[in-house]
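Novice: Chains as they are written, first to last, in the numbering used here: chain R, 375 to 551; chain Z, 375 to 551.
Ideal Cβ placement from N, Cα and C applies to all residues, glycine included.
Small disclaimer: the values here were computed from a predicted structure and weren't measured.
(1) Rounded to whole angstroms, what is the Cα-Cα separation between residue 519 (chain R) and residue 492 (chain Z)?
(2) Counting contacts by CB-CB distance shorter than 8 Å, is residue 429 (chain Z) in contact with chain R?
(3) Quick one: which unbroken alpha helix (DSSP H) runs of 4-plus residues sit fully inside the segment 408 to 472 of chain Z? Chain order, please.
(4) Closer than 9 Å by beta-carbon distance: list the chain R residues that pair up with residue 464 (chain Z), in chain order.
(5) Among all the DSSP beta bridges, which residues are the ones paired with residue 481 (chain R)?
(6) Does any residue of chain R have a CB that is nearer than 8 Å to the CB of residue 507 (chain Z)?
(7) At the 8 Å Cβ level, is residue 403 (chain Z) part of the contact set with chain R, yes or no?
(8) Strictly under 8 Å for the Cβ-Cβ distance: is residue 574 (chain R) near chain Z by that measure?
(9) If the cut is a Cβ gap below 7 Å, which residues of chain Z does residue 444 (chain R) touch?
(10) Leaving aside the five residues before and after residue 513 (chain Z) along the sequence, list all residues of the same chain whose C-beta is less than 8 Å from its C-beta, in chain order.
(11) In the DSSP assignment, find the unbroken alpha helix (DSSP H) run with residue 540 (chain Z) in it and report its ends.
(12) Can you tell me whether residue 423 (chain R) is buried or exposed? The criterion is at least 16 other CB atoms within 10 Å of its CB, across all chains shown.
(13) Secondary structure at residue 516 (chain Z), three-state DSSP: helix, strand or coil?
(14) Taking buried to mean at least 16 other C-beta atoms within 10 Å of its own C-beta, is residue 550 (chain R) buried or exposed?
(15) Roughly how far, in whole angstroms, is the beta-carbon of residue 475 (chain Z) from the beta-carbon of residue 468 (chain R), given that I think they are within contact range, below 8 Å?
(16) State yes or no: is the C-beta of residue 502 (chain R) within less than 8 Å of the C-beta of residue 465 (chain R)?
(17) Between the segment 530 to 537 of chain Z and the segment 540 to 550 of chain R, can you find at least three pairs of beta-carbon atoms closer than 8 Å?
(18) How is residue 498 (chain R) classed by DSSP in three states: helix, strand or coil?
(19) List the endpoints of the continuous beta strand (DSSP E) containing residue 548 (chain R).
(20) Using a Cβ cut-off of 8 Å, pull out every chain R residue sitting near residue 552 (chain Z), in sequence order please.
(21) How far does the alpha helix (DSSP H) with residue 395 (chain R) in it reach, from first residue to last?
(22) Do you know offhand how far residue 408 (chain R)'s Cα is from residue 488 (chain R)'s?
(23) Can you confirm whether the segment 410 to 417 of chain Z touches the segment 430 to 446 of chain Z when touching is taken to mean that 3 or more C-beta pairs between the two stretches lie within less than 8 Å?
(24) Compare the beta carbon distance of residue 381 (chain Z) and residue 483 (chain Z) with 8 Å and say whether it is the shorter of the two.
(25) Looking at residue 457 (chain R): is its Cβ nearer than 8 Å to the Cβ of residue 480 (chain R)?
(26) Output the distance between the C-alpha atoms of residue 498 (chain Z) and residue 496 (chain R), rounded to the nearest integer angstrom.
(27) With DSSP run on the structure shown, which of helix, strand or coil describes residue 533 (chain Z)?
(28) Using DSSP with H/G/I as helix, E/B as strand and the rest coil, what is residue 524 (chain Z)?
(29) Quick check on residue 510 (chain Z) - is its C-beta less than 8 Å from some C-beta in chain R?
(30) For residue 410 (chain R), would you say it is in contact with chain Z, using Cβ-to-Cβ distances shorter than 8 Å as the test?
(31) From residue 433 (chain R) to residue 448 (chain Z), what distance separates their C-alpha atoms?
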């Protein structure tokens, strides 16, 4: 199966204390669920090494882009015709927007941290809520990636890789190549 | 809308270094996406206070149960006819199992950390993979809760609450009662 959409992810509004575990989850979820890259403003370099290791072990060419100011990322995305989808508990319910979102081919999904500037709400083409309850930007991103791609992302192949899992009902089966 | 299923979540295989941010995400995702409780073996008491605050502000009666050994939780779940669904990248692909899982009314969803004992794989009624790629137990839990409930969990009401969000296309609207 090939995924035809081009989906990028942008993280804005990080905490003062860098929360590298949350960022690692956001990177790996973006990669596993069909995004091509994630923009992170400020992050430990360790995350790049982790992603390199994951790509070389499990396939694909997902990448993190560091140091681009979020305003520039959003501006350039809009200039190239990408729809900007901001995930926020204050937004419109995902079930009301999902059909429209599925029709988009090129997206920038903006994932907020605790402090998201008001400009993000105004610049976004869509402010979308995965429930109006507080939970997790990792979970919200996962459900939106899943819904936008209609579940097809779960069947995706990552091409050549050193390790590959053979699905198993009761244990662990891993092929090494 | 009422959710008719009874879904509980169990976390097993935590790290030596307690990873309370991941646990907080797991708790809040379980609550927001329709589970009734989560079992955590060992956790900072702070998490209980966070959940109390979230319930009193945003509604519902989700709770965390601390200190129950995971073997006991699984044994008791099976004894009361609950299906045990273990989420693991080594399991069977979710798309192959989702219809069967939707037919279940009472579930215990087991979320692994980095170290999951082999007994969990054998005791589970289902070992299910949300992709065979490494990513995030928070994301895997979110997608499985979402799929098992057919998206209905996104429309759920949390009943009486101090604050309630009025969905908005461009900003933040919150009702206080």
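Specialist: Taking the definition as stated:
(1) The sequence position of residue 519 (chain R) within the first chain is 145, counting from 1. The sequence position of residue 492 (chain Z) within the second chain is 118, counting from 1. Distance between the alpha carbons of residue 519 (chain R) and residue 492 (chain Z): 31 Å.
(2) Walking along the second chain from the start, residue 429 (chain Z) turns up at place 55. Closer than 8 Å: no.
(3) 420 to 432 and 444 to 453
(4) Here residue 464 (chain Z) refers to the residue found at position 90 of the second chain. The contacting residues are 539, 540, 541, 542, 545, 546, 547 and 548.
(5) Counting from one through the first chain, the residue named residue 481 (chain R) turns up at place 107. In DSSP, residue 481 (chain R) forms a bridge with R:381 and R:457.
(6) As a position in the second chain, residue 507 (chain Z) is number 133, starting the count at 1. Closer than 8 Å: yes.
(7) As a working note, residue 403 (chain Z) is residue 29 in the second chain. Yes, its Cβ sits closer than 8 Å to a Cβ of chain R.
(8) The structure shown does not extend to residue 574 (chain R), since chain R is modelled only from 375 to 551, so the question has no answer here.
(9) Taking the first chain and counting its residues from 1, one reaches residue 444 (chain R) at position 70. Per Cβ cutoff of 7 Å: no residues; residue 444 (chain R) is ~18 Å from chain Z at best.
(10) The sequence position of residue 513 (chain Z) within the second chain is 139, counting from 1. For residue 513 (chain Z), where only same-chain residues beyond five positions count, the Cβ hits under 8 Å are 504.
(11) Start at 1 with the first residue of the second chain, and residue 540 (chain Z) comes out as number 166. Residue 540 (chain Z) -> no alpha helix (DSSP H), and no H or E assigned at all.
(12) For this step, residue 423 (chain R) is matched to residue 49 along the first chain. By the 10 Å Cβ count, residue 423 (chain R) comes out exposed.
(13) For the purposes of this step, residue 516 (chain Z) is taken as residue 142 along the second chain, with counting starting at 1. Helix, per DSSP.
(14) One-based indexing of the first chain puts residue 550 (chain R) at position 176. The residue is exposed, with fewer than 16 neighbouring Cβ atoms inside 10 Å.
(15) Here residue 475 (chain Z) corresponds to residue number 101 of the second chain, with the count starting at 1. Here residue 468 (chain R) corresponds to residue number 94 of the first chain, with the count starting at 1. The Cβ separation is near 21 Å, so there is no contact.
(16) Your numbering for residue 502 (chain R) matches position 128 in the first chain. Your numbering for residue 465 (chain R) matches position 91 in the first chain. Going by C-beta atoms, residue 502 (chain R) is nearer than 8 Å to residue 465 (chain R).
(17) no
(18) On the first chain, position 124 is the one that residue 498 (chain R) refers to. Here residue 498 (chain R) sits in coil by DSSP.
(19) Locating residue 548 (chain R) in the first chain gives position 174, where the first residue counts as 1. Its beta strand (DSSP E) spans residues 548 to 550.
(20) Because chain Z here runs from 375 to 551, residue 552 (chain Z) falls outside it and cannot be looked at.
(21) Along the first chain, read from residue 1 onward, the residue named residue 395 (chain R) stands at position 21. It spans 394 to 406 - the alpha helix (DSSP H) in which residue 395 (chain R) sits, taken as one unbroken run.
(22) The residue you call residue 408 (chain R) lines up with position 34 of the first chain. The residue you call residue 488 (chain R) lines up with position 114 of the first chain. Spanning the two alpha carbons is a distance of roughly 25 Å.
(23) yes
(24) Sequence index remark: in the second chain, residue 381 (chain Z) carries index 7 (1-based). Sequence index remark: in the second chain, residue 483 (chain Z) carries index 109 (1-based). Yes; because the gap between Cβ atoms is below 8 Å, this pair is in contact.
(25) Start at 1 with the first residue of the first chain, and residue 457 (chain R) comes out as number 83. Start at 1 with the first residue of the first chain, and residue 480 (chain R) comes out as number 106. The answer is yes: Cβ separation under 8 Å.
(26) For the purposes of this step, residue 498 (chain Z) is taken as residue 124 along the second chain, with counting starting at 1. For the purposes of this step, residue 496 (chain R) is taken as residue 122 along the first chain, with counting starting at 1. Going by the C-alpha atoms only, they are around 47 Å apart.
(27) As a working mapping, residue 533 (chain Z) is identified with position 159 in the second chain. DSSP places residue 533 (chain Z) in coil when its eight states are reduced to three.
(28) Along the second chain, one-based indexing puts residue 524 (chain Z) at 150. DSSP places residue 524 (chain Z) in coil when its eight states are reduced to three.
(29) Residue 510 (chain Z) sits at position 136 when you count from the first residue of the second chain. Yes - at least one Cβ of chain R is within 8 Å of the one on residue 510 (chain Z).
(30) Residue 410 (chain R) sits at position 36 when you count from the first residue of the first chain. By this cut-off, residue 410 (chain R) is not an interface position.
(31) Residue mapping note: residue 433 (chain R) aligns to position 59 of the first chain, counting from 1. Residue mapping note: residue 448 (chain Z) aligns to position 74 of the second chain, counting from 1. Straight-line Cα distance between these residues: approximately 35 Å.
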